[in-house]
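2 protein chains.
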Amino acid sequence: MLKIFKIGGGIIDNEQELEQFLKTFSTIEGPKVLIHGGGKGASKMLNQLGIEPKMVDGRRITDKATLDVVTGLYAGNINKNIVSILQKYNCDALGLSGADGNAIQGSKRPVKTIDYGFVGDLTDNSINTKLFQLLIDNGITPVVCAITHDGNGLLLNTNADTIASAIAVALANKNEIELNFVFDKIGVLRDVNDDSTLIPKINENLYLQLKEEGVIFEGMIPKLDNSFNVIKSGVKNVCLVHAQNINSDIKTILC
Amino acid sequence: MLKIFKIGGGIIDNEQELEQFLKTFSTIEGPKVLIHGGGKGASKMLNQLGIEPKMVDGRRITDKATLDVVTGLYAGNINKNIVSILQKYNCDALGLSGADGNAIQGSKRPVKTIDYGFVGDLTDNSINTKLFQLLIDNGITPVVCAITHDGNGLLLNTNADTIASAIAVALANKNEIELNFVFDKIGVLRDVNDDSTLIPKINENLYLQLKEEGVIFEGMIPKLDNSFNVIKSGVKNVCLVHAQNINSDIKTILC
Chain A
1 MLKIFKIGGG IIDNEQELEQ FLKTFSTIEG PKVLIHGGGK GASKMLNQLG
51 IEPKMVDGRR ITDKATLDVV TGLYAGNINK NIVSILQKYN CDALGLSGAD
101 GNAIQGSKRP VKTIDYGFVG DLTDNSINTK LFQLLIDNGI TPVVCAITHD
151 GNGLLLNTNA DTIASAIAVA LANKNEIELN FVFDKIGVLR DVNDDSTLIP
201 KINENLYLQL KEEGVIFEGM IPKLDNSFNV IKSGVKNVCL VHAQNINSDI
251 KTILC
Chain B
256 MLKIFKIGGG IIDNEQELEQ FLKTFSTIEG PKVLIHGGGK GASKMLNQLG
306 IEPKMVDGRR ITDKATLDVV TGLYAGNINK NIVSILQKYN CDALGLSGAD
356 GNAIQGSKRP VKTIDYGFVG DLTDNSINTK LFQLLIDNGI TPVVCAITHD
406 GNGLLLNTNA DTIASAIAVA LANKNEIELN FVFDKIGVLR DVNDDSTLIP
456 KINENLYLQL KEEGVIFEGM IPKLDNSFNV IKSGVKNVCL VHAQNINSDI
506 KTILC
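Here the protein sequences line up with chains A and B, keeping their order.
Numbering-wise (this note's numbering), the first sequence opens with residue 1 and increments by one.
Numbering-wise (this note's numbering), the second sequence opens with residue 256 and increments by one.
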């Protein structure tokens, strides 16, 4: 079983929580991949540099100055910090942007109504499975940041959930894959304020039912829609799990 | 023959020169490794962030704020820019800090009279030859930035010439190595202002003679001393070469 984990800004912005997560992550046996988002550091850094973050409909526009900041932060500071901590815990991590070894080739998002700037979209052929397989087969844990490239010298800011899903699907051809979205709840809860209402397993029928009942709503719907698409594309399980529980059974398994 | 190239700040700070160098570099056949320094971006960025660069005896002191800036810039911006340009020219480059795959493990420089801060020194066992060999044997070109780690979660700012020499010596065990220091002259010149006085080949006897004559002086002496040490440690040739000439015979070969 190849286990893929995606962590977001919440953990990255909290030094102690990140260290604890990475310590636990390093104890997970077998091949694994880590994908990380960015956190609030980019806005903070843009602010320090006097560059105003550009947002349209709540989404960041990646102009050249923003691209430079996120490239330095995601591919440099955050990625190397994670890799060096994992090395400390004897996990042989190796950081990758999409440009490295042509790991992930995207394309600049076409301008329709909004110009998102240097933002990358992925296709079914974006992932260099040969590179990931080479590293994994040699006991190396790829640590992937949310910067891809277009193969023509352009770096592109890319959604980390999208990258995690694309890697999971691409590697499912040769591996049994479990994709874990690490987030701030212990899984899908019937009552969002009560951890004892965790739903341990959701298949597509139950998912439709939970949507009808209004148990799953708003931002969770695209996340779960995407997860079931990933499963249809060959990934065995998608899990929603809290950072503390990645090496335990407390999670929601989508199957 | 495995060819190793080290480039410094002069090229990195000049967008057109860097692109031209990388285009030529990508045409060099056979296995190769690129090591890059940092350039003036770090001082500029520190300045923009209102952090005063700390210097003692002309050497930068790497405090925590400086380490963060150089990590983002060297391992993020510069490294990923170089890698993405090489990918454009069909060179399958993969960026590495010393933490990635435990490529280069250094140790924090001990405090004697000066505390250099987060600066790494290397030993004979610093280079993970297995990782470099794995990448090279799979047609991948490692692109190494001047950030190492101590194996205990600490990133360390490290001299790029030192890294290049250490990689060359470590890989000389299994490969015939040519180490190229790319710099601003076409090689060692009898008259520093006259390119027609290039000395194409220098062995240790000629080196001693040139030092006595005063042809080689000041900053060139430690560079050439280091180069002859590298040769004694098993590297076949060390070349001093201009960026424009890396794929030609115009250079000084130390042997």
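All C-beta atoms in this analysis are idealised placements derived from N, C-alpha and C, irrespective of residue type, glycine included.
Checking the sheet assignment: what are the DSSP bridge partners for residue i?
i      : result
R60/A  : M55/A
N237/A : E178/A
T261/A : No statement about residue 261/A is possible, as the shown extent of chain A runs from 1 to 255 and does not include it.
F5/A   : L34/A and N180/A
T384/B : Answer by DSSP bridge pairing: none, since T384/B is not bridged.
D121/A : S107/A
C400/B : H291/B
I457/B : L509/B
N412/B : V374/B and I402/B
L94/A  : P142/A
L73/A  : L73/A pairs with nothing; no bridge assigned.
L189/A : L198/A
Looking at chain E, is there any beta carbon in it that lies within less than 8 Å of the beta carbon of residue i?
i      : result
V338/B : Given the protein chain composition of this structure (A and B), no chain E is represented.
On a Cα-Cα basis, can you pick out the residue from the options that is closest to residue i?
i      : options                           : result
I221/A : V188/A, A170/A and Q48/A          : V188/A
V144/A : L94/A, K201/A, A170/A and R190/A  : L94/A
A75/A  : F25/A, Q244/A, H149/A and K236/A  : H149/A
C38/A  : N77/A, Y116/A and V215/A          : Reading the sequence as shown, one finds Gly at residue 38/A and not Cys. It is N77/A.
N269/B : K363/B, K295/B and I306/B         : K295/B
V238/A : S248/A, T252/A, Q244/A and N245/A : T252/A
G64/A  : V56/A, P200/A, G58/A and I51/A    : The question names Gly, but residue 64/A in the sequence shown is Lys. Among V56/A, P200/A, G58/A and I51/A, the Cα nearest to that of K64/A belongs to I51/A.
I259/B : E473/B, L426/B and Y462/B         : L426/B
I12/A  : I167/A, D184/A, L240/A and A166/A : D184/A
V192/A : Q209/A, F181/A, L208/A and E218/A : E218/A
I457/B : D480/B, C510/B and V490/B         : C510/B
N481/B : A421/B, Q464/B and P455/B         : A421/B
V437/B : R445/B, I471/B, V470/B and L495/B : L495/B
E29/A  : Y89/A, R59/A and L122/A           : Y89/A
What does the alpha-carbon distance come out to for the pair residue i and residue j?
i      : j      : result
I61/A  : L46/A  : 13 Å
L2/A   : S84/A  : 22 Å
K211/A : L22/A  : 33 Å
G408/B : L18/A  : 13 Å
E213/A : E204/A : 14 Å
D124/A : S233/A : 11 Å
L434/B : K174/A : 39 Å
L411/B : F228/A : 43 Å
G120/A : K108/A : 5 Å
A146/A : K223/A : 17 Å
T27/A  : G139/A : 14 Å
Q271/B : D92/A  : 36 Å
D392/B : A168/A : 26 Å
L206/A : K335/B : 44 Å
S43/A  : G9/A   : 12 Å
I104/A : L73/A  : 18 Å
Q209/A : I231/A : 18 Å
K309/B : D355/B : 28 Å
V235/A : P142/A : 18 Å
D504/B : P455/B : 9 Å
S357/B : D57/A  : According to the sequence as given, residue 357/B is Asn; it is not Ser. Approximately 42 Å between the Cα atoms of the pair.
R445/B : I337/B : 34 Å
V215/A : I7/A   : 24 Å
L351/B : L96/A  : 9 Å
Q499/B : R314/B : 29 Å
L377/B : V69/A  : 30 Å
Check the C-beta distance from residue i over to residue j and give it rounded, since I have them as a contact under 8 Å.
i      : j      : result
Q303/B : L49/A  : 6 Å
I441/B : H497/B : 5 Å
I106/A : G98/A  : In the sequence under discussion, the amino acid at residue 106/A is Gly, which differs from the Ile named in the question. The pair is a contact, with the Cβ atoms about 6 Å apart (cut-off 8 Å).
G151/A : Q342/B : 6 Å
I246/A : T24/A  : 6 Å
Would you call the stretch 447-454 of chain B and the stretch 405-418 of chain B touching, i.e. three or more CB-CB distances under 8 Å? no
Would you be able to state if there are at least three C-beta pairs under 8 Å between the stretch 125-142 of chain A and the stretch 20-35 of chain A? yes
Mind the definition here: the stretch 109-119 of chain A touches the stretch 367-382 of chain B only if three or more C-beta pairs lie below 8 Å; say whether that holds. no
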